[in-house]
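Colleague:
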Ligand SMILES: Cc1cc2nc3c(=O)[nH]c(=O)nc-3n(C[C@H](O)[C@H](O)[C@H](O)COP(=O)(O)O)c2cc1C
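Residue numbers (my numbering): -3 to 318.
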């Protein structure tokens, strides 16, 4: 059945798109234990896909286990999004999300990501043009505003996206200027939901099943990002808090087993050399609360082979039992 935001279970429990983190291996790891979580890919450049960049194509690497996967694109040229969406669809995307929230300086300097918050006409045109030229559902992920939250501006920006055909909005409760500082403000997201007739996912600072349940209120779903670092099982715990009847009684892997599985999946998708470089940051996070964490961290961020990583993980496990 064709994926549609209107006919999936509520509340939606989504893994946030996170560049450098939520690659295919990480998404597979999450889905192994929380099969109903919805995953977004890391953002991929619509321009690069349009010009057939191999690196960008390799980035959209989707395993059937991860489905349904929403591919997130960033850019500013309406027609490039259409071309990029075609390619993403051919690679397994069931829907397209447009990034209008990235605060990175480089991204904004190119007028991509959250720079679109300052250009509502172009933002609307991008959505409208893509909706007219793809059969996939189109959604947008954005923030409360660029420099500040202005209620009138924010609602009109979002209303225009909905009128242009966006089937869902994800709102991170911060402005671009805030980056990741301060506390996410969910109040404007609840108010937006009262005013718009499309599904809305809220995002920002969810770090436990308890906060996920408290934040949901009138929304259609919640999205979790940084709390999954070194703790992908949090998605399972959050999902099961919303759907207790679907709680799995299968034994859970230890952090050691999880980290090893993550390495396996990463090597399968990227090859050992690249996988091990990219796994370093994840490994440091898996074991950050362990005894002698600082000295292990130093070694974890230097591993370059699977064998080396496995030996080190075994050593951490043995020492944690003493
Ligand atoms: C390392 C990192 C990479 C991110 N990459 C993306 C991205 O590619 N696309 C996007 O829309 N948001 C991206 N984000 C933002 C997250 O999706 C999310 O909105 C933000 O982290 C707030 O949610 P959280 O408090 O649950 O982490 C990124 C965040 C982090 C920390």
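Backbone N, C-alpha and C define an ideal beta-carbon position, used for all residues, glycine too.
What you are looking at is a predicted structure, and each value in this text was computed from that prediction instead of being measured.
Please classify residue 199 as buried or exposed, where buried requires at least 16 other C-beta atoms within 10 Å of its C-beta.
Modeller: By the Cβ neighbour-count rule, residue 199 is buried, with 16 or more other Cβ atoms within 10 Å of its own.
Colleague: Excluding the five sequence neighbours on either side, which residues of its own chain have a C-beta within less than 7 angstroms of the C-beta of residue 61, listed in chain order?
Modeller: For residue 61, same chain residues with a beta-carbon under 7 angstroms away, outside a window of 5 residues either side, are 24 and 27 in chain order.
Colleague: Grab me the residues of residue 313's own chain with a C-beta within less than 6 angstroms of its C-beta, minus the 5 sequence neighbours each way, in chain order.
Modeller: 252
Colleague: Can you name the start and end residues of the alpha helix (DSSP H) that residue 298 belongs to?
Modeller: Unbroken run through residue 298: none, as it is neither H nor E.
Colleague: What did DSSP end up calling residue 35 once you bin it into helix, strand or coil?
Modeller: strand
Colleague: Is residue 72 near ligand 1, with its Cβ less than 8 angstroms from a heavy atom?
Modeller: no
Colleague: Using CA atoms only, rank isn't needed, just tell me which of 31, 212, 261 and 157 is closest to residue 242.
Modeller: 31
Colleague: Grab me the residues of residue 202's own chain with a C-beta within less than 7 angstroms of its C-beta, minus the 5 sequence neighbours each way, in chain order.
Modeller: 208, 211, 218, 220 and 223
Colleague: Comparing the CB of residue 13 with every heavy atom of ligand 1, is any distance shorter than 8 angstroms?
Modeller: Checking the Cβ of residue 13 against ligand 1 gives yes.
Colleague: Can you check the region 102 to 179 for any alpha helix (DSSP H) of at least 4 residues that lies completely inside it and give the ranges in chain order?
Modeller: 116 to 129 and 147 to 159
Colleague: From which residue to which residue does the alpha helix (DSSP H) around residue 75 run?
Modeller: 74 to 86
Colleague: Taking its Cβ as the centre, do 16 or more other Cβ atoms sit within 10 Å of residue 256, making it buried, or is it exposed?
Modeller: buried
Colleague: If you drop the 5 nearest sequence neighbours on each side, which residues of the same chain put their C-beta closer than 6 angstroms to that of residue 111?
Modeller: 104
Colleague: For ligand 1, is there a heavy atom less than 8 angstroms away from the beta-carbon of residue 35?
Modeller: no
Colleague: Between the Cα of residue 279 and those of 12, 227 and 233, spot the shortest distance and give me the residue it belongs to.
Modeller: 227
Colleague: Expressed to the nearest angstrom, what Euclidean distance is found between the alpha-carbon atoms of residue 267 and residue 276?
Modeller: 14 angstroms
Colleague: Please report how far the alpha carbon of residue 154 lies from the alpha carbon of residue 165, in whole angstroms.
Modeller: So the alpha carbons of these two residues sit roughly 8 angstroms apart.
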